[in-house]
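Number of protein chains: 2
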Amino acid sequence: MRELYHEQLESVVADLVAMTEQVKVATRRATQALFTADVELAESVISADVHIDERRVSIEDRSFDLLARQQPVAGDLRMLVAALRMVADLERMGDLAVHIAKVARLRYPDHALPPSAEPVMKEMADVAEMMVAAASEIVANRDVEAAAELEREDEIMDRLRRANFRTLLSDGWEHGVEPAVDVALLGRYYERIADHAVSMARRVIYLVTGEHPAPVS
Amino acid sequence: MRELYHEQLESVVADLVAMTEQVKVATRRATQALFTADVELAESVISADVHIDERRVSIEDRSFDLLARQQPVAGDLRMLVAALRMVADLERMGDLAVHIAKVARLRYPDHALPPSAEPVMKEMADVAEMMVAAASEIVANRDVEAAAELEREDEIMDRLRRANFRTLLSDGWEHGVEPAVDVALLGRYYERIADHAVSMARRVIYLVTGEHPAPVS
Chain A
1 MRELYHEQLE SVVADLVAMT EQVKVATRRA TQALFTADVE LAESVISADV HIDERRVSIE
61 DRSFDLLARQ QPVAGDLRML VAALRMVADL ERMGDLAVHI AKVARLRYPD HALPPSAEPV
121 MKEMADVAEM MVAAASEIVA NRDVEAAAEL EREDEIMDRL RRANFRTLLS DGWEHGVEPA
181 VDVALLGRYY ERIADHAVSM ARRVIYLVTG EHPAPVS
Chain B
1001 MRELYHEQLE SVVADLVAMT EQVKVATRRA TQALFTADVE LAESVISADV HIDERRVSIE
1061 DRSFDLLARQ QPVAGDLRML VAALRMVADL ERMGDLAVHI AKVARLRYPD HALPPSAEPV
1121 MKEMADVAEM MVAAASEIVA NRDVEAAAEL EREDEIMDRL RRANFRTLLS DGWEHGVEPA
1181 VDVALLGRYY ERIADHAVSM ARRVIYLVTG EHPAPVS
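Protein chains in written order, with my numbering: chain A, 1 to 217; chain B, 1001 to 1217.
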């Protein structure tokens, strides 16, 4: 009985890591669709989101079931509560990847990004994907040190966000309003993916230490 | 012992309702700061957010404590799990109100909104505030019917979002890139506040019925 319980608990964690990998792939593919104006790839990101949502429901139901039947305490309880919170982050990250793919689809056959906006956006995309990959490792290994480090990565994203705004608000911007709005929103989507990765890392800190890190603004 | 437990459980729900009211006030005041270019009001929204964050920590700690000590089952367990999820929505809604206030502060002494963007944005602000107020009632009364209705309100927000984009992408838009980006982002903040209100309503449906509503895209 206890053995089955621990297997089920471990399978929740394994699924959480697998869901984070799904989100990482969705982010990477959405970025590729955006930068190459690949409408089929964009469509595939959009239609694959249903699998991320299904996994959320599955993890939620199993976590809840374990809470209800096994009445776990201490670390196991914190793990299940953290899982219930992290799936909400992950579902939202999947939605944000879909938003990116939808911009690519909307502007097809054109490229959504004017060339002058590409370098900073590519950096934002790379940092976001890297932070999702780090979140996956952090959850898999309950790695508090790496979790604290991820918060510092987020400062890089913050600098990139400001650089992105400088580009589209500069006098040299000659692409008009529509691409500017696309670029502003795309920057925001990547930034939010990064924020959710940080939020997952913070839940791992709480999970392991029982301490709330100071709130993110 | 059981009586104290039920008091504590009810106090978590009462605090959740109070936190929703705080968010409603933050949203309303941020809107007022935005439409009247009131920088002091904007500052007060920004500095009051710490109280929303504190309440999150307090609700989280107490919910977790009840889960750990009382090992609740069925409805009580679902209530506590829902509370842990809803505080994450509410904290984020508070952050979004802060984002709105920060746009007002950044553009002060100017008005951030060009007059032509004001009517639709005012409707978005009103719908968002109304949806937060509805979420508060829905949580207080665990009202599944009102929760299902809130999802329909969200369609109004969707129409307003499209109208907002039409304004800033129309040929008549003569305010340039910066106000267009402000208007696009502000619209998104109100839309996200509304999305989180719907997410809270969906958690009430799960709480009362035990069924997951179909995922929001």
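For glycine and all other residues, C-beta sits at the position ideal for the given N, C-alpha and C.
(message) Using a Cβ-Cβ cutoff of 8 Å, what residues of the region 70-89 of chain A are near chain B? List them in chain order.
(response) For the region 70-89 of chain A, which is checked against every Cβ of chain B, the residues closer than 8 Å are Gln71, Val73, Ala74, Leu77, Arg78, Val81, Leu84, Arg85, Ala88.
(message) By the DSSP assignment, the alpha helix (DSSP H) with Asp1095/B in it spans what residues?
(response) 1074-1107
(request) Please list, in chain order, all residues of the same chain as Ala128/A whose beta carbon is under 7 Å from its beta carbon, the five residues on each side excluded. (result) Thr27, Tyr190, Ile193, Ala194
(request) Answer with yes or no whether the minimum CB distance from His212/A to chain B is below 8 Å. (result) yes
(message) Taking 6 Å as the limit between beta carbons, can you name the residues of its chain near Tyr108/A, skipping five residues before and five after?
(response) If we look at Tyr108/A and ignore the five residues flanking it on each side, its Cβ neighbours are Ala37, Val39.
(message) At the 8 Å Cβ level, is Glu174/A part of the contact set with chain B, yes or no?
(response) no
(request) Answer yes if the region 69-76 of chain A comes into contact with the region 40-50 of chain A, meaning at least three C-beta pairs across the two stretches below 8 Å, and no otherwise. (result) no
(request) List the residues of chain B that Arg105/A touches, going by C-beta distances under 9 Å, in chain order. (result) Near Arg105/A there are no residues of chain B at all, since even the closest Cβ is about 14 Å away, more than 9 Å.
(request) Answer with yes or no whether the minimum CB distance from Phe35/A to chain B is below 8 Å. (result) no
(request) Give the secondary structure of Asp1143/B by DSSP, where H, G and I count as helix, E and B as strand, and everything else as coil. (result) It is coil, neither helix nor strand.
(request) Report the residue from Val1139/B, Asn1164/B, Asp1143/B, Asp1126/B whose alpha carbon sits nearest the alpha carbon of Pro1115/B. (result) Asn1164/B
(request) Tell me whether Ser1217/B is buried or exposed, calling it buried when 16 or more other Cβ atoms sit within 10 Å of its Cβ. (result) With a pLDDT of 46 at Ser1217/B, under the threshold of 50, the modelled position of that residue is not reliable, and the figure given next carries that caveat. So Ser1217/B counts as exposed.
(message) Which residues in chain B have a C-beta closer than 8 Å to the C-beta of Leu185/A? List them in chain order.
(response) In chain order: Ala1184, Leu1185, Arg1188.
(request) Whole angstroms is fine: what's the gap from Gln1032/B's alpha carbon to Ala18/A's? (result) 44 Å
(message) Taking the beta carbon of Pro179/A as the centre, do at least 16 other beta carbons fall within 10 Å, making it buried, or is it exposed?
(response) buried
(request) Report yes or no: is there a C-beta of chain B within less than 8 Å of the C-beta of Val144/A? (result) no
(request) Take Thr1167/B and list the residues in its own chain whose beta-carbon comes closer than 8 Å to its own, dropping the five residues that flank it on each side. (result) Counting only residues of its own chain and dropping the five nearest sequence neighbours on each side, Thr1167/B has a CB closer than 8 Å to the CB of Ser1116, Ala1117, Val1120, Trp1173, Val1183.
(request) Can you grab the Cα-Cα spacing for the pair Glu1010/B / Glu91/A, in whole Å? (result) 30 Å
(request) Could you list which residues in chain B have their beta carbon closer than 7 Å to that of Glu178/A, in chain order? (result) Leu1169
(request) Mind reading off the beta-carbon distance from Met124/A to Gly187/A? Whole number of angstroms is fine, and I expect it under 8 Å. (result) 6 Å
(request) Determine the contact status of Val1103/B and Leu1041/B, defining contact as a CB-CB distance below 8 Å. (result) Between Val1103/B and Leu1041/B, the CB-CB gap reaches or exceeds 8 Å.
(request) Could you have a look at Leu160/A and say whether DSSP puts it in helix, strand or coil? (result) helix
(message) Let me see if you follow: with CB-CB separation under 8 Å, is Leu67/A close to chain B or not?
(response) yes
(request) Check each candidate in Arg29/A, Gln22/A, Asp95/A, Asp76/A and name the one with the smallest Cα separation from Ala5/A. (result) For the record, residue 5/A in the displayed sequence is Tyr; it is not Ala. Of Arg29/A, Gln22/A, Asp95/A, Asp76/A, the smallest CA-CA separation from Tyr5/A is found for Asp76/A.
(request) Tell me, please, whether the CB atom of Val139/A is closer than 8 Å to any CB atom in chain B? (result) no
(request) Measure the Cβ-Cβ separation of Ala235/A and Val45/A and say whether it is below 8 Å. (result) In the structure as shown, chain A begins at 1 and stops at 217. Residue 235/A is therefore absent and cannot be evaluated.
(message) Does the CB of Val1057/B have a neighbour CB from chain A at under 8 Å?
(response) yes
(request) With DSSP collapsed to three states, give me the class of Glu1137/B. (result) helix
(request) May I ask you to report which of helix, strand or coil DSSP gives His175/A? (result) coil
(message) Please report the distance separating the alpha-carbon of Ile1152/B from that of Val87/A.
(response) Per the sequence presented here, residue 1152/B reads as Arg, with Ile not at that position. Distance between the alpha carbons of Arg1152/B and Val87/A is about 25 Å.
(request) Taking only the alpha-carbon atoms, compute the straight-line gap between Leu1160/B and Ala1030/B and give it to the nearest angstrom. (result) Annotation: Leu1160/B to Ala1030/B spans about 19 Å, alpha carbon to alpha carbon.
(message) I'd like to know if Val204/A contacts chain B, where contact means its C-beta is closer than 8 Å to some C-beta of that chain.
(response) no
(request) Flag Glu1003/B as yes when its Cβ comes closer than 7 Å to any non-hydrogen atom of the ligand COA, and as no otherwise. (result) The ligand COA is not part of the structure shown, which contains no ligands of any sort.
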